[in-house]
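First the structure, in the form of structure tokens, and then the observations on it.
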Amino acid sequence: MLGDRKSKLEKNFFKIFFINALLNVKMINIVISLFYVYRSLRVADIFYLGVVYSATVILSEVPSSYLADRFGRKRTIIMAAFFGLLHWVFFLTANSFFLFAIGIVFYALAESCMSGTDEAFVYDTNKELNNQSQSLQKLSRYFSSERFFKIFSAFLGAIIAKDLLDWQFNSIIMVDMVASVVAIIFAFTLLEPNHFMDVEKQEAGLIKDAYKILSRDKTLMFSVLNKLLVLIGAHLCWAYATVFFVDNLSISVVTMGIVWSVYHFLVLGASHFLHSLWPNHSETVKINMLSAVVSAALGMFLFSWFFFPYKYILLAFYLIVEFTASIRQPIFSNIFNKQFFSYNRATTLSMANFVQHVFQIPLLLLTGWLVGINIIFPYVVALFLALAAVLYFRINQKEPNNVYVSKTI
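Position 260 of the sequence shown, counting from 1, maps to 260 under the UniProt record's numbering, and the rest follow consecutively.
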């Protein structure tokens with residue numbers, strides 16, 4: 001019986017990898033900002049939809065992961081896949097800010113259900129198999145699942161939607177609808193790993209303990225802030241990337257598709273070998289170095305924009321920003337997971353994500369207003385955020401301290 005459970009647990013890694021890969025096909029992403037504009041939205045509205053997304057996450061992030069800790073990671077992942085499907089159903093016919101906002105609410109619910117839950121699922125499966133030493137490797141490979149199909153979907157999406165016609169947009173959205181259905185089927189076959197939870201820990205209060213974990217360790221909180229500042233900056237640049245490069249710099253949709261497919265291939269490869277990157281340096285040193293690279297790339301992007309605005313140089317610096325911001329995520333995940341208890345791991349991870357969206361709402365509102373003044377301003381905001389991560393929220397070159405939960409545990 002134990003051997004059978006071990007075999008099923010080992011299959012969890014394969015299954016959760018493909019569930020996340022299917023939920024992240026997102027073929028429309030290569031033209032998403034153009035899709036919004038061609039469906040009657042303004043560029044500023046793209047950032048305001050981000051406000052809707054963040055507000056929904058703030059309301060749902062911790063409750064959804066509380067459910068994952070109390071009632072099961074598997075059930076919460078199934079919910080995520082269902083919400084993801086509903087998001088695509090609304091996007092298929094949306095032609096106003098209101099309808100897109102409803103679709104974004106379902107997307108946010110899907111992301112909330114997966115956020116923290118998926119990392120906790122991978123980490124707890126690995127822990128039950130007694131392979132904690134491989135945690136960074138497993139988490140890195142899991143995070144690479146987000147790019148697995150995007151290596152092909154970005155290019156195929158650009159080919160299908162190259163003329164930016166409505167039927168072309170709908171065709172690539174339907175691909176994501178099918179992918180979501182397959183992800184739901186996969187999710188039902190997962191095996192729930194042990195949470196190592198007992199009644200006393202349940203009564204202690206998961207959310208209260210998660211808050212204490214984040215508030216009692218300055219290094220850990222700095223890690224959260226460092227992560228979110230760079231991540232938000234990269235997201236601001238990505239949110240309107242195709243409008244910026246296709247509509248304003250006249251780079252073709254197909255070229256963007258090819259470049260974006262190569263980008264996802266590189267991130268996928270880097271995620272698989274991230275555990276061996278700079279092996280003689282601590283994880284905090286790696287994060288600080290990568291944060292500096294993001295800041296330098298954003299600085300060079302703006303310098304190039306004002307002094308020699310060659311479109312492919314700008315595209316190269318933009319890709320460096322997105323690539324570097326992306327490969328930092330598994331390192332952060334491993335730091336956080338090592339510090340959190342199994343029974344409230346998903347809740348604590350989600351509280352970190354909660355902080356991100358609290359910061360993100362005013363920044364999205366500001367950026368939505370600024371982009372109406374000058375299309376380059378989101379990059380200026382991103383640079384200030386990256387510099388704040390490097391100068392003010394630099395992580396001490398040591399691992400975060402062991403943290404404590406409530407005295408009842």
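For glycine and all other residues, C-beta sits at the position ideal for the given N, C-alpha and C.
Going straight from the alpha carbon of residue i to that of residue j, what length do you get?
i	j	result
Leu365	Leu41	16 Å
Tyr66	Gly116	10 Å
Phe143	Ala120	13 Å
Phe393	Phe303	24 Å
Val181	Ala68	21 Å
Leu85	Leu23	9 Å
His264	Ile258	10 Å
Leu370	Pro378	7 Å
Phe97	Ile28	17 Å
Gly72	Val175	29 Å
Arg75	Cys113	9 Å
Val246	Leu59	35 Å
Phe308	Ile232	27 Å
His87	Lys286	36 Å
Phe196	Val122	Any reading at Phe196 is ruled out, since the residue's pLDDT is 47, under 50, leaving its predicted position unreliable.
Val31	Gln168	11 Å
Val89	Phe17	24 Å
Glu203	Ser145	With a pLDDT of only 34 at Glu203, under the threshold of 50, the placement of this residue in the model should not be trusted, and no figure is reported.
Asp45	Leu298	24 Å
Leu314	Trp305	7 Å
Under DSSP, the alpha helix (DSSP H) around residue i begins and ends at which residues?
i	result
Leu99	97 to 114
Tyr312	311 to 327
Tyr36	32 to 38
Pro63	43 to 71
Thr125	117 to 128
Phe169	166 to 187
Ser304	283 to 307
Please confirm whether residue i and residue j have their CB atoms less than 8 Å apart.
i	j	result
Gly103	Ala110	no
Thr189	Lys15	yes
Val253	Ala154	no
Ile395	Asn288	yes
Ser64	His357	no
Ile160	Ser171	yes
Ser33	Tyr240	yes
Taking the alpha-carbon of residue i as reference, which of the options has the nearest alpha-carbon?
i	options	result
Arg5	Leu129, Ile32, Ile376	Leu129
Thr125	Glu192, Phe332, Ser291	Glu192
Met221	Ile327, Phe354, Leu236	Phe354
Leu229	Lys150, Tyr310, Ser326, Glu146	Ser326
Glu164	Tyr38, Val293, Leu231, Leu319	Looking at the sequence provided, one finds Leu at residue 164 rather than Glu. Selected option, being the one with the closest Cα: Tyr38.
Phe91	Ala81, Phe106, Met79	Phe106
Could you tell me if residue i is buried or exposed, where buried requires 16 or more neighbouring beta carbons within 10 angstroms of its beta carbon?
i	result
Asn194	exposed
Pro362	exposed
Gly368	buried
When the cut-off is 8 Å and only beta carbons count, does residue i lie next to chain D?
i	result
Ile77	No chain D is present in this structure, which holds just one protein chain.
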